[in-house]
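Contents: one structure, followed by commentary.
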């Protein structure tokens, strides 16, 4: 999948593990919550569910778009991601090399085939000749798919494929449920309340990092830093501010995030042999356009990650 990272894949490494046959009540997935084996995980807004295998545990880490399954006994992980590009687009991506990270790339050994209603393709691992990979994608009635990739040592590959197939068989699709709506604001206020969102950028020796904490009491805190190098020199800047925030609009459309700064702001910076500080009166009003696409959050068309909020609730 050219340009696709592990965020659009499921990675399974380990031995066969059967799922509980007993009926269980689905649990709506929450960030930073640990779930034990046998738990039926549900995302109502996406309209799907799957079951955690016995002997495994799972969590949705803050700031990640992957649900992570882990077996400490088997030293295995499973990462689950939802793809909403449609089956044909997904098949085209599966026919390309799949970079899991900077050092692990899966190269297709066969064109994707449709078997038993699922897209399947086999892969070699570029710098790990003793490893093999297989991707299996389950698609619902619409364009929503759960893409799975299994990576295993050649000696256990057949057993690992069974694990991936078992997880795939547990996937159930349903009609998506509307996100919870807020009071008079139509929903975006409820969705953004209590969140910590983060934006990163890097390129050509330059980097930026920006954080916004949206507290439930209506206050916000914002901080950022950037730095880079060139011509043998380097520099760095930092900024921070606070005030009141408001989000407007319904969740089924674009919304607005308004940051009304309080008095005063500060910036700090440094270059070789020189440090500086700057402050101002504050009072600025900043507005962002809010949007959700494929369960990703965008401010003015730029993706922001949703992280854990340890500063305020």
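In our numbering, the protein residues as written are 27 to 339. For glycine and all other residues, C-beta sits at the position ideal for the given N, C-alpha and C.
Inter-residue Cα distance where the pair is residue i and residue j
i           : j           : result
residue 125 : residue 189 : 22 Å
residue 187 : residue 174 : 10 Å
residue 105 : residue 164 : 15 Å
residue 282 : residue 328 : 14 Å
residue 166 : residue 109 : 11 Å
residue 261 : residue 226 : Because residue 261 sits at a pLDDT of 44, beneath the cut-off of 50, its placement in the model cannot be relied upon, and the following sentence gives the value as read from the coordinates. Distance between the alpha carbons of residue 261 and residue 226: 18 Å.
residue 103 : residue 96  : 4 Å
residue 279 : residue 315 : 11 Å
residue 139 : residue 185 : 20 Å
residue 45  : residue 64  : In this prediction, residue 45 scores a pLDDT of 32, lower than 50, which makes its location untrustworthy; the coordinate-derived value is nonetheless stated afterwards. The straight-line gap from Cα to Cα measures roughly 7 Å.
residue 72  : residue 319 : 12 Å
residue 113 : residue 270 : 43 Å
residue 219 : residue 323 : 14 Å
residue 93  : residue 287 : 35 Å
residue 222 : residue 252 : 19 Å
residue 333 : residue 77  : 25 Å
residue 168 : residue 202 : 11 Å
residue 98  : residue 181 : 19 Å
residue 246 : residue 55  : 26 Å
residue 117 : residue 51  : 33 Å
residue 123 : residue 133 : 5 Å
residue 310 : residue 241 : 19 Å
residue 234 : residue 335 : 20 Å
residue 82  : residue 216 : 33 Å
residue 85  : residue 236 : 25 Å
residue 178 : residue 200 : 31 Å
residue 326 : residue 107 : 24 Å
residue 157 : residue 121 : 19 Å
Helix, strand or coil at residue i according to DSSP, with G and I counted as helix
i           : result
residue 115 : helix
residue 188 : helix
residue 6   : Nothing about residue 6 can be reported from this structure: the residues present for the chain run from 27 to 339 only.
residue 211 : Because residue 211 sits at a pLDDT of 41, beneath the cut-off of 50, its placement in the model cannot be relied upon, and the following sentence gives the value as read from the coordinates. Three-state result, residue 211: coil.
residue 194 : helix
residue 216 : helix
residue 157 : strand
residue 183 : helix
Status (buried if at least 16 other CB within 10 Å, exposed otherwise) for residue i
i           : result
residue 145 : buried
residue 193 : buried
residue 143 : exposed
residue 62  : exposed
residue 119 : buried
residue 141 : exposed
residue 172 : buried
residue 312 : exposed
residue 267 : buried
residue 147 : buried
residue 48  : Residue placement at residue 48 is flagged as unreliable, the pLDDT there being 41, under the threshold of 50; the coordinate-derived value follows with that caveat. Label assigned to residue 48: exposed.
One or two residues paired with residue i in a DSSP bridge
i           : result
residue 134 : 149
residue 278 : Per DSSP, none; premise fails for residue 278.
residue 125 : 131
residue 270 : 245, 286
residue 378 : Nothing about residue 378 can be read from this structure; the chain reaches only from 27 to 339.
residue 326 : Its beta-bridge partners do not exist; DSSP assigns none.
residue 172 : 108, 164
residue 140 : 145
residue 333 : 222
residue 83  : 62, 96
residue 54  : 68
Residue i Cβ short of 7 Å to the ligand FMN heavy atom set
i           : result
residue 173 : For the structure depicted, the ligand FMN is absent and the ligand set is empty, with no information on it obtainable.
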